[in-house]
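Accompanying notes for the structure given below.
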Amino acid sequence: MSAISAAAKVPGVLSGLKRRGGGILVVGAAGEQQRLCDRLLGSSDRERVVVGSQDSCLTASCTRDATVVQGQPAQATACRAGAVLQSSSLADRVTAAIDEHSHGLAPAELRVCLGPVAPDTLQAKSVFLDAVLEKIGVVNALGHVHVSEPYDSDLVRRLEPLFDAIVQVRDDPRPRQRWHFPEHGVTTDWVDLG
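In this text, residue positions in the sequence shown follow the numbering used here: the first is 2, and each later residue adds one.
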């Protein structure tokens, strides 16, 4: 596929996510993930569910006017190391919150943020992630999951089939983003995160 035909698909694929919901994996620089998170959650007039540990630095500014489901950090330095989100009881609480807040909403009106998810919790099959992504799909929410690993890591390769899109963010030389749509074979150029 030529670069021109691939680029022509991007608006349609993005609008499809906005119309029907789906899952987005966000990878790369933590500071820029926060900026992208604010945009993916949308304005405070949307229904929003944010999942993170009590000391999650990523969700701190995203929790305004959102339902927050808190996990417990696995260690005292969870914010720096990537807060751990992994337990069946947490999955039950998160899926219940998604279900509760999805009633009467059009597709993609409910926005869900998970993270950061510590890479070591995703090395094996993640019951938590599977359950939450399945619920997001059932209610047609738009959810995004934050992982601090780089795009070309083995972990991101293993997670890629679970998501509709993967967004890389970086801060060198300035805040930028690049979207990947594996199912469509499309990758955008780097664009400003503005």
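Just so it is clear, CB atoms sit at the ideal spot from N, CA and C, and this is done for glycine as well.
In the DSSP assignment, find the beta strand (DSSP E) that holds residue i and state where it starts and stops.
{"i": "F182", "result": "177–182"}
{"i": "V146", "result": "143–148"}
{"i": "A166", "result": "166–171"}
So what does residue i bridge to, in DSSP terms?
{"i": "G24", "result": "G144"}
{"i": "V69", "result": "V51"}
{"i": "V187", "result": "F182"}
{"i": "G29", "result": "V170"}
Helix, strand or coil, according to DSSP, for residue i in the structure here?
{"i": "A97", "result": "helix"}
{"i": "A109", "result": "coil"}
{"i": "D193", "result": "strand"}
{"i": "G116", "result": "coil"}
{"i": "H36", "result": "Looking at the sequence shown, residue 36 is not His but Arg. Residue state, collapsed to three classes: helix."}
{"i": "G53", "result": "strand"}
{"i": "S127", "result": "coil"}
{"i": "H102", "result": "helix"}
Taking residue i as part of the alpha helix (DSSP H), name the residues at either end of that continuous run.
{"i": "G43", "result": "Run containing G43: none; DSSP gives neither H nor E here."}
{"i": "R159", "result": "155–160"}
Thinking residue i and residue j are a contact (beta carbons under 8 Å), I'd like their distance in whole angstroms, please.
{"i": "D193", "j": "P176", "result": "7 Å"}
{"i": "V170", "j": "A30", "result": "5 Å"}
{"i": "V157", "j": "C114", "result": "Not a contact, Cβ separation roughly 18 Å."}
Meets three-Cβ-pair contact criterion under 8 Å: the stretch 20–40 and the stretch 140–152: The stretch 20–40 and the stretch 140–152 touch, with no fewer than 3 CB-CB distances between them shorter than 8 Å.
Using 8 Å as the Cβ pair cut-off and three pairs as the minimum, do the stretch 159–166 and the stretch 38–51 touch? Contact fails: fewer than three Cβ-Cβ distances are below 8 Å.
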